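Enquirer: FYI, in full-length UniProt numbering the residues of the sequence shown are 1 to 313.
My structure is below; once you've seen it, I'll send some questions.
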Amino acid sequence: MMELRHLRAFLAVAETLHFARAAERLGLSAPSLTEQVQALERHLGARLFRRGQRRVALTDAGQLFLPEALAALRQVERAAQIGRQAGRGERGIIGIGFAASAAFAGVLAASIGDWRRAHPEVSLRLQEMETVPQVEAVAEGALDVGFIRPPFAAPPGVTALRLLRERLLIALPALHPLAAGAEVAPAALAGEDFITPDPEKAGFHHFTRQLGQQGGFVPRIAHGGRDLVAVASLVGLGLGVAVVPESLRDCVRLPGMVYRPLAGEPLLAEIAAAYRRNEAAPAARDFIRQLRHVAATMHGVAPQPIETRTTLA
1 MMELRHLRAF
11 LAVAETLHFA
21 RAAERLGLSA
31 PSLTEQVQAL
41 ERHLGARLFR
51 RGQRRVALTD
61 AGQLFLPEAL
71 AALRQVERAA
81 QIGRQAGRGE
91 RGIIGIGFAA
101 SAAFAGVLAA
111 SIGDWRRAHP
121 EVSLRLQEME
131 TVPQVEAVAE
141 GALDVGFIRP
151 PFAAPPGVTA
161 LRLLRERLLI
171 ALPALHPLAA
181 GAEVAPAALA
191 GEDFITPDPE
201 KAGFHHFTRQ
211 LGQQGGFVPR
221 IAHGGRDLVA
231 VASLVGLGLG
241 VAVVPESLRD
251 CVRLPGMVYR
261 PLAGEPLLAE
271 IAAAYRRNEA
281 APAARDFIRQ
291 LRHVAATMHG
301 VAPQPIETRT
311 TLA
């Protein structure tokens, strides 16, 4: 059976055309090197070298075999290098899911930008998804990391790291009477039509209910939009009001719509990174370590895992 040591022995002799010098280069005895070359010749059924008293030369078979042996050894060495890089987290593929609002808040760019420049050989596959399917995909191994909006149901083996907290605002039609004030009391929104992302996008339904609890009423959800941009568009059309993250104000400004802060105890929304507790892939583990640095930078303090819930609120 042809082995790598046979190829290396052949190439050393082919390059030096001298068995003793080739053996010295490989750190072998001359008889051991000769035995390896002969074993390769027996395997191939062809003489690779003409051996004279004063010189060694490649046969026709040896000349044909030489470029193929070089290419094979280079490919093996490349495979070994890639394997070592993958083991160190320098190569690989990381599947990343993200809620669109994570991009609005800048946390996605902050998490990926520097890391990608430092790991150019790692491929990042990004997919926009809502929180619930992201968490399920992380648990199943279809994604490695998900940028989500808690609260969320934590399947076994999945945890999350808080990356960012931001205040919630109320988006109002520009001609709404409450738009004239500097801030809006939650109780003043009783009886309003609320617009939220689609029902399966549970996060902002949760925040809308929180607002109702603060104001002492049950919000009436009259319309749904595909995402927060669609929700803002419906608000601009005068169809209702919406609870939105503060970062949306910096990214989405539409005619006929204004943002106002909420009076009283602030309502806070989080962006978190969901991942498997016992991640085995080196590249994904390294990316998760980078997320801890991003969280510390955004918080100004060491990050803490967030509380996960067994059911969505």
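Beta carbons: idealized from backbone N, C-alpha and C, even for Gly.
Quick caveat: nothing in here was measured; it's all calculated off a predicted structure.
Is it the case that the Cβ atoms of ALA174 and GLY240 are separated by a distance below 8 Å?
Expert: For the purposes of this step, residue 174 is identified with residue 174 of the sequence shown, where counting begins at 1. For the purposes of this step, residue 240 is identified with residue 240 of the sequence shown, where counting begins at 1. No.
Enquirer: Under the assumption that LEU262 contacts PRO186 (Cβ atoms under 8 Å), give the Cβ distance between them as a whole number of angstroms.
Expert: In the sequence shown, the residue the question calls residue 262 occupies position 262. In the sequence shown, the residue the question calls residue 186 occupies position 186. With a Cβ gap of about 6 Å, LEU262 and PRO186 count as contacting.
Enquirer: Roughly how many angstroms separate the alpha carbons of VAL37 and GLY27, rounded to a whole number?
Expert: On the sequence shown, residue 37 is found 37 positions in, with the first residue counted as 1. On the sequence shown, residue 27 is found 27 positions in, with the first residue counted as 1. Each residue's alpha carbon lies about 15 Å from the other.
Enquirer: Is the stretch 258-276 touching the stretch 165-172 in the sense that three or more CB pairs, one from each, lie closer than 8 Å?
Expert: Contact holds: three or more Cβ-Cβ distances are below 8 Å.
Enquirer: For residue 315, collect the residues of the same chain with a Cβ closer than 7 Å to its Cβ; drop the 5 residues on either side in sequence, then sort them by chain order.
Expert: Summary: the structure shown does not reach residue 315, with the chain confined to residues 1 through 313, and so no result is reported for it.
Enquirer: Should ASP227 and ALA100 be called a contact, given that it needs their Cβ atoms to be closer than 8 Å?
Expert: In the sequence shown, counting from the first residue as 1, residue 227 sits at position 227. In the sequence shown, counting from the first residue as 1, residue 100 sits at position 100. Going by C-beta atoms, ASP227 is nearer than 8 Å to ALA100.
Enquirer: For ARG25, which residues in the same chain have their Cβ closer than 8 Å to its Cβ, ignoring the five residues on either side in sequence?
Expert: Mapped onto the sequence shown, residue 25 falls at position 25. Cβ neighbours of ARG25 beyond the five flanking positions: ALA12, THR16.
Enquirer: Taking only three categories from DSSP, how would you classify VAL241?
Expert: Taking the first residue of the sequence shown as position 1, residue 241 is located at position 241. The three-state reading of DSSP puts VAL241 in strand, counting E and B together.
Enquirer: What did DSSP end up calling ALA103 once you bin it into helix, strand or coil?
Expert: Along the sequence shown, read from residue 1 onward, the residue named residue 103 stands at position 103. Reduced to three states, the DSSP call for ALA103 is helix.
Enquirer: By Cβ distance, which residues of its chain are closer than 7 Å to PHE204, with the 5 residues on each side in sequence left out?
Expert: Here residue 204 is taken as the residue at index 204 of the sequence shown, counted from 1. Cβ within range, chain order: THR196, PRO197, VAL243.
Enquirer: Grab me the residues of ILE288's own chain with a C-beta within less than 6 Å of its C-beta, minus the 5 sequence neighbours each way, in chain order.
Expert: In the sequence shown, the residue the question calls residue 288 occupies position 288. Only TYR275 meet the Cβ criterion.
Enquirer: Specify the secondary structure class of ARG54 as computed by DSSP and reduced to three states.
Expert: By 1-based counting over the sequence shown, the position of residue 54 is 54. Residue state, collapsed to three classes: coil.
Enquirer: Please report the Cβ distance between VAL294 and LEU163, rounded to the nearest whole angstrom; I am assuming they are in contact, meaning their Cβ atoms lie under 8 Å.
Expert: If you number the sequence shown from 1, residue 294 lands on position 294. If you number the sequence shown from 1, residue 163 lands on position 163. Indeed they touch by this definition, with Cβ atoms about 6 Å apart.
Enquirer: Rank LEU48, GLN53, ILE112, HIS43 by C-alpha distance to the C-alpha of GLN290 and give the top, closest one.
Expert: Reading the sequence shown from its first residue, position 290 is the one you call residue 290. It is ILE112.
Enquirer: Cα-Cα, which of GLU121, GLY146, PHE152, GLU41 is closest to MET129?
Expert: Working through the sequence shown from its first residue, we reach residue 129 at position 129. With distances taken between Cα atoms, MET129 lies closest to GLY146.
Enquirer: Using CA coordinates, which residue listed in ASP60, ALA22, LEU73, ARG55 is at the minimum distance from MET2?
Expert: Taking the sequence shown and counting its residues from 1, the one referred to as residue 2 is at position 2. Closest option to MET2, Cα to Cα, is LEU73.
Enquirer: Straight-line CA distance for ALA9 to ARG55?
Expert: Locating residue 9 in the sequence shown gives position 9, counting from the first residue. Locating residue 55 in the sequence shown gives position 55, counting from the first residue. The alpha-carbon atoms of ALA9 and ARG55 are separated by roughly 17 Å.
Enquirer: Who are the Cβ neighbours of LEU7 in its own chain at under 7 Å, not counting the five residues just before and after it?
Expert: Numbered from 1 along the sequence shown, position 7 holds the residue referred to as residue 7. Closer than 7 Å at Cβ, skipping near neighbours: ALA69, ALA72, LEU73.
Enquirer: So LEU33 and ALA46 are in contact, right, with Cβ under 8 Å, and what is the actual spacing, rounded?
Expert: Against the sequence shown, residue 33 aligns to sequence position 33. Against the sequence shown, residue 46 aligns to sequence position 46. Between ALA46 and LEU33 the Cβ distance is about 18 Å, and since that is not below 8 Å, they are no contact.
Enquirer: Of the choices GLY62, GLY224, ALA154, whose alpha-carbon is the least far from that of LEU48?
Expert: Against the sequence shown, residue 48 aligns to sequence position 48. The shortest C-alpha separation from LEU48 is found at GLY62.
Enquirer: Since I believe THR59 is in contact with ARG51 (beta carbons under 8 Å), could you give me their beta-carbon distance rounded to a whole number of angstroms?
Expert: For the purposes of this step, residue 51 is identified with residue 51 of the sequence shown, where counting begins at 1. For the purposes of this step, residue 59 is identified with residue 59 of the sequence shown, where counting begins at 1. Actually they are not in contact, since the Cβ atoms of ARG51 and THR59 sit about 10 Å apart, beyond 8 Å.
Enquirer: Tell me whether the beta-carbon of ALA281 lies closer than 8 Å to the beta-carbon of GLY157.
Expert: The residue you call residue 281 lines up with position 281 of the sequence shown. The residue you call residue 157 lines up with position 157 of the sequence shown. No, Cβ-Cβ distance for ALA281 and GLY157 is not below 8 Å.
Enquirer: What did DSSP end up calling ALA72 once you bin it into helix, strand or coil?
Expert: The sequence position of residue 72 within the sequence shown is 72, counting from 1. Helix, per DSSP.
Enquirer: Considering only residues of the same chain and omitting the five flanking positions on each side of LEU248, which have a CB-CB separation below 6 Å?
Expert: Translated into positions along the sequence shown, residue 248 becomes position 248. Same-chain partners within the cutoff: PHE104, LEU228.
Enquirer: Where does HIS43 land, buried or exposed, given buried means 16+ other C-beta within 10 angstroms?
Expert: Start at 1 with the first residue of the sequence shown, and residue 43 comes out as number 43. Its Cβ having fewer than 16 others within 10 Å, HIS43 is exposed.
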